[in-house]
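Single-structure report; data block below.
In the numbering used here, the protein residues as written are 27 to 442.
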């Protein structure tokens with residue numbers, strides 16, 4: 027009697043990452059696996075901060091991101107100061123293998139969704155638990171209207187269902203700078219080769235066209251949109267529209283979710299580059315770097331916090347910023363280390379007025395003193411401060427002119 031036919035050998039599959047198994051253990055214990063985006067050079071600051079502030083484990087740094095596990099509550103997660111935007115990690119894979127076969131690449135993209143649907147639902151359950159209830163749209167991820175700018179070019183693909191049988195998808199790309207105000211969707215740096223595109227495509231509902239019935243979990247039924255950022259080799263082969271279509275349709279097929287561009291319950295971010303393929307859910311609507319106590323943005327808040335952290339400020343010390351501008355460094359320092367005394371000086375009346383507005387808005391009038399003075403001749407006694415922190419305005423933002431010759435005198439006055 028003929029036995030069962032042996033199965034044909036399929037393509038070899040890579041072993042599942044150890045971190046994914048560790049993520050499941052964390053989820054079972056009530057914790058979660060996260061990643062937070064960071065400005066260039068701030069990754070070590072953020073890694074140290076998540077360990078110290080959140081007791082994070084399995085901390086892994088790559089360019090522009092820090093991955094970690096923690097059981098911290100949302101209130102503790104919001105207190106991160108060196109990070110840009112926080113995500114609940116859904117998937118982390120090696121970079122997509124680039125080939126000329128677009129169909130094969132799109133199939134691999136869909137596997138990010140199709141594989142382990144229960145794991146997706148487990149992570150989304152954590153997301154719901156972190157927000158307390160499903161109705162809090164003010165806290166969930168939506169297109170943020172942050173007044174802060176990033177030094178990057180962003181490419182974001184948004185997949186939506188416009189009618190019962192159609193889907194609208196938009197690609198939003200915005201250039202964000204670190205020091206000035208502009209709306210920014212995905213706070214993460216991109217290479218100079220990233221493309222800026224904006225388009226809209228209408229798609230047929232996959233569940234209707236294929237006749238397949240989606241897997242629907244009534245307790246985890248969401249409206250959603252997909253935002254995609256890609257750079258490197260993959261961006262030269264696949265467009266944002268194609269990536270968004272693949273992921274968006276796979277989600278609708280797999281879970282029966284309804285796409286919604288304008289007011290989704292859930293936003294899925296797909297980050298693809300030459301280092302990894304990452305899928306996550308933004309935990310908060312606005313970036314962590316968008317400080318509610320800063321009315322007028324000056325120096326990037328994350329950079330200001332990192333600079334202040336290097337000063338090793340302790341209780342009772344006196345800290346001076348002799349070129350304080352809008353006072354961002356002083357604000358970040360006073361919020362984090364409130365038991366010290368802070369002074370700020372600037373020669374510009376408009377800058378001092380802006381700093382005063384920020385200080386009053388932050389409720390730090392009793393912590394920060396301002397005075398009008400030139401950094402070349404500060405009306406302060408010698409050795410009267412324990413630390414001097416300052417963002418000297420010469421470089422990219424301010425053109426280097428003959429004023430740079432004043433730098434030795436400025437440093438000498440600071441040393442005094």
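Where is the CB? At the ideal position from N, CA and C, for every residue including glycine. None of the values given here were measured: they were computed from a predicted structure.
Helix, strand or coil: how does DSSP classify residue i here?
| i | result |
| --- | --- |
| residue 146 | helix |
| residue 369 | strand |
| residue 210 | Low confidence applies here, because residue 210 scores a pLDDT of 33, under 50, leaving its location unreliable; read the following figure in that light. DSSP places residue 210 in coil when its eight states are reduced to three. |
| residue 125 | coil |
| residue 157 | helix |
| residue 437 | helix |
| residue 341 | coil |
| residue 321 | coil |
| residue 395 | strand |
| residue 346 | strand |
| residue 310 | coil |
| residue 443 | Since the first residue shown for the chain is 27 and the last is 442, residue 443 is missing from the structure and cannot be characterised. |
| residue 112 | strand |
| residue 432 | helix |
| residue 442 | coil |
| residue 141 | coil |
| residue 274 | helix |
| residue 400 | coil |
| residue 390 | coil |
| residue 263 | coil |
| residue 106 | coil |
| residue 132 | helix |
Residue i lies in the alpha helix (DSSP H); which residues open and close that run?
| i | result |
| --- | --- |
| residue 380 | 375-387 |
| residue 331 | 327-336 |
| residue 76 | 69-80 |
| residue 357 | 354-362 |
| residue 102 | 100-103 |
Bridge partners of residue i, per DSSP?
| i | result |
| --- | --- |
| residue 59 | 95 |
| residue 411 | DSSP, once it has assigned bridges, lists no residue as partnering residue 411. |
| residue 304 | 118, 297 |
| residue 284 | 249 |
| residue 83 | 95 |
On the DSSP letters alone, give me the boundaries of the beta strand (DSSP E) that residue i sits inside.
| i | result |
| --- | --- |
| residue 292 | 292-298 |
| residue 251 | 249-256 |
| residue 417 | Segment: none, residue 417 is in no beta strand (DSSP E) and carries neither H nor E. |
So is the beta-carbon of residue i under 8 Å away from any non-hydrogen atom of the ligand SAM?
| i | result |
| --- | --- |
| residue 432 | Among the components modelled here there is no ligand, and therefore nothing to report on the ligand SAM. |
For my contact list, residue i and residue j are in at a C-beta cut-off of 8 Å; report their separation, rounded to the angstrom.
| i | j | result |
| --- | --- | --- |
| residue 79 | residue 106 | 7 Å |
| residue 132 | residue 268 | 6 Å |
| residue 248 | residue 291 | 4 Å |
| residue 364 | residue 398 | Between residue 398 and residue 364 the Cβ distance is about 25 Å, and since that is not below 8 Å, they are no contact. |
| residue 349 | residue 416 | 5 Å |
| residue 404 | residue 439 | 6 Å |
| residue 68 | residue 328 | 6 Å |
| residue 300 | residue 259 | 6 Å |
| residue 19 | residue 295 | With the chain running from 27 to 442 in the structure shown, residue 19 is simply not present. |
| residue 346 | residue 273 | Actually they do not touch by this definition, with Cβ atoms about 51 Å apart. |
| residue 366 | residue 341 | 7 Å |
| residue 108 | residue 61 | Going by Cβ atoms, the distance from residue 108 to residue 61 rounds to 14 Å, so no, they are not a contact pair. |
For the region 299-308 against the region 99-119, do three or more pairs of beta-carbon atoms, one drawn from each stretch, fall closer than 8 Å, so that the two count as touching? Taking 8 Å as the limit for Cβ pairs, the verdict is that the region 99-119 does touch the region 299-308.
Hey, is the region 314-324 in contact with the region 346-355, meaning 3+ C-beta pairs nearer than 8 Å? Because the criterion of three Cβ pairs below 8 Å is met, the region 314-324 and the region 346-355 touch.
Looking at C-beta atoms only, is the number of pairs between the region 85-98 and the region 120-137 that lie closer than 8 Å three or more? Cβ pair count under 8 Å is below three, so no.
Cβ pair count under 8 Å reaching 3, the region 327-335 against the region 385-400: The region 327-335 is not in contact with the region 385-400.
Report yes or no: do the region 262-269 and the region 126-137 share at least 3 C-beta pairs separated by less than 8 Å? Contact between the region 262-269 and the region 126-137 is present, because at least three Cβ pairs lie under 8 Å.
Three or more C-beta pairs below 8 Å linking the region 246-257 and the region 276-284: Contact between the region 246-257 and the region 276-284 is present, because at least three Cβ pairs lie under 8 Å.
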